[in-house]
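Trainee:
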Ligand code: CTP
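Residue numbers (the numbering used here): 758 to 1229.
(1) Could you tell me which residues DSSP pairs with residue 1204 in its beta bridges?
(2) Contact between the region 968–984 and the region 923–934 is defined here as three or more beta-carbon pairs at a separation below 8 angstroms; is this criterion met?
(3) Check for me: the beta strand (DSSP E) holding residue 831 runs from which residue to which?
(4) Among the residues of its own chain, which have a CB less than 7 angstroms from the CB of residue 1002, if the five just before and after it don't count?
(5) Report yes if the CB atom of residue 1158 is closer than 8 angstroms to the CB atom of residue 1109, and no otherwise.
(6) Note down the Cα distance separating residue 1143 from residue 1056, rounded to an integer number of angstroms.
(7) Who are the Cβ neighbours of residue 876 in its own chain at under 6 angstroms, not counting the five residues just before and after it?
(8) Please report how far the alpha carbon of residue 813 lies from the alpha carbon of residue 773, in whole angstroms.
(9) Residue 1102: which of 1140, 956 and 763 sits nearest, CA to CA?
(10) Are the beta-carbon atoms of residue 924 and residue 985 separated by less than 8 angstroms?
(11) On a Cα-Cα basis, can you pick out the residue from 827, 811, 1017 and 891 that is closest to residue 785?
(12) State yes or no: is the C-beta of residue 1196 within less than 8 angstroms of the C-beta of residue 1112?
(13) Are the Cβ atoms of residue 1096 and residue 1017 separated by less than 8 angstroms?
(14) Quick one: Cα of residue 889 to Cα of residue 839, how far?
(15) Using the rule of at least 16 other Cβ atoms within 10 Å of the residue's Cβ for burial, across every protein chain shown, is residue 962 buried or exposed?
(16) According to DSSP, simplified to helix, strand and coil, what is residue 1050?
(17) Can residue 948 be considered in contact with the ligand CTP, in the sense that its beta carbon sits closer than 7 angstroms to one or more heavy atoms?
(18) At the level of alpha carbons, what is the spacing between residue 1190 and residue 1180?
(19) Which residue wins for smallest C-alpha separation from residue 834, given the options 848, 847, 806 and 800?
(20) Please classify residue 735 as buried or exposed, where buried requires at least 16 neighbouring CB atoms within 10 angstroms.
(21) For residue 802, tell me which candidate among 817, 845, 793 and 763 has the shortest Cα-Cα distance.
(22) In chain order, which continuous runs of the beta strand (DSSP E) of length 3 or greater are located wholly inside the region 847–917?
(23) Considering only the beta carbon of each residue, do residue 926 and residue 910 sit closer than 8 angstroms?
(24) Is residue 786 near the ligand CTP, in the sense that its beta carbon is under 7 angstroms from a heavy atom of that ligand?
(25) Between residue 1015 and the rest of its own chain, which residues show a CB-CB distance below 6 angstroms, the 5 nearest in sequence each way excluded?
(26) Within 8 angstroms, do at least three Cβ pairs link the region 764–783 to the region 805–821?
(27) Are residue 1155 and residue 1161 touching if we call contact CB-CB under 8 angstroms?
(28) Taking its Cβ as the centre, do 16 or more other Cβ atoms sit within 10 Å of residue 1135, making it buried, or is it exposed?
(29) Using the three-state DSSP reduction, which class does residue 1129 fall into: helix, strand or coil?
(30) Who pairs with residue 782 in a beta bridge, going by DSSP?
(31) In angstroms with no decimal places, state the Cα-to-Cα distance between residue 767 and residue 1087.
(32) Within the 8 angstroms Cβ cut-off, does residue 973 reach chain D?
(33) Between which two residues does the alpha helix (DSSP H) holding residue 943 run?
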């Protein structure tokens, strides 16, 4: 296990601890990941004594600035790109109504037992006499080998102390392909109401980690089964289930959504594209309709879903910036490429798609391809080959017409000067007319043809052209 302590910072901490007369250990995620052969970034050091004092001494030795968080009894420094955090061993219980810990000094073992999972409570000694030896009083190594997530204490206590751990359990199960032991999973179900005391930012951080895992569906199924999803994102739960009328059922949109998320996860690391996949059909429950003639439909669910995105982002305290706009745009446009594929792939439809999607066209295509989850292999093959055709057309049309970042060749200023107009709605009418003509392929996307069309429209509107003062 000494191999895990190759980073020279461990030797430095070890010497400093000896000098301070305290015992120090590496603990938590670093140790877990070392055993799993996963790369890890942060190092956590637990000290039987003052974590802050040891951090300050190490900081002095290596010449690093130390950030001290006295409220939490922790301190942190950076050493050659690695974040090293120091904390005093604590026996700690949490105030039931907040995450604020009530802290008392404790031994290593007391500290280990108040951690979240046995696999996260593994510690390696930094004492000279048993340097690198493992301290594992709760069977963490056994659980690591068996891929199990188990709390060191009774799960009701561990989860109630810090309810975020319930989502962390699901997040680790998803990231590591581990199983939450049944008594622990039952405790999550029992304690789900305790989520209410958590800040949404922290919940969101865990959700993002689940979404960024190789197979996010694992996490969302567990969130659903445990009852946590109903509390975090009930709109997603509304996608569950199959209704049948006259013997006709529709697909389970929750299962479909998770399949799409897994599909997209296999093609991209883009978190926001993964969010778009998770929310792409979110408008379906609100638009579900049964007609005896045509069966089930979810008419306009793309549009309704897009409208729901800002509310969902607000509800989860996610950024209401361009990321939200991006997700909203993809949700709103997610049926467009497939509609193209099913109909004839005309230049003007491709041009409109390019215009609406702009620089996000490739992401939209990925989402749309991930959305094909039919079990009918022939159908999937046919759609995929049509997709290739659309991709080819997208390139051709963009080369020819450059509408991806469309800029109207006719500006408002030009219209005002040419027809001596004050700012008014007529300007918008002419600009829109020219834009539509370009997108429909009636004229090419260039100044000369656009100018001519503008003149024609202006004549129709009874406007009189003036000599142009300067070329615009
Ligand atoms: N921990 C805990 N309860 C929490 C959060 C953290 O007991 N709610 C403990 C665990 O021992 C964990 C350690 O603090 O291993 C460090 O926490 P953190 O950095 O959040 O997690 P890691 O296990 O390092 O994993 P990751 O970096 O993937 O989040």
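Think of the CB as a built atom: it goes at the ideal place given N, C-alpha and C, for glycine as much as any other residue.
Mentor: Straight from the coordinates:
(1) Beta-bridge pairing links residue 1204 to no other residue.
(2) yes
(3) 831–836
(4) 1047
(5) The answer is no: Cβ separation not under 8 angstroms.
(6) Residue 1143 and residue 1056: Cα-Cα distance of roughly 23 angstroms.
(7) 789, 897, 900 and 901
(8) 10 angstroms
(9) 1140
(10) yes
(11) 891
(12) yes
(13) no
(14) 19 angstroms
(15) exposed
(16) coil
(17) no
(18) Looking at the two C-alpha atoms, the distance is approximately 17 angstroms.
(19) 800
(20) With the chain running from 758 to 1229 in the structure shown, residue 735 is simply not present.
(21) 845
(22) 847–851, 858–862 and 880–882
(23) no
(24) Yes; taking the cut-off as 7 angstroms, the Cβ of residue 786 has a heavy atom of the ligand CTP nearer than that.
(25) 974 and 977
(26) yes
(27) yes
(28) Under a 10 Å Cβ-count criterion, residue 1135 is classified as exposed, with fewer than 16 other Cβ atoms of the shown protein chains found around its own Cβ.
(29) The answer is coil: DSSP assigns residue 1129 none of H, G, I, E or B.
(30) 803 and 882
(31) 47 angstroms
(32) Any reference to chain D falls outside this structure, which holds one protein chain only.
(33) 939–947
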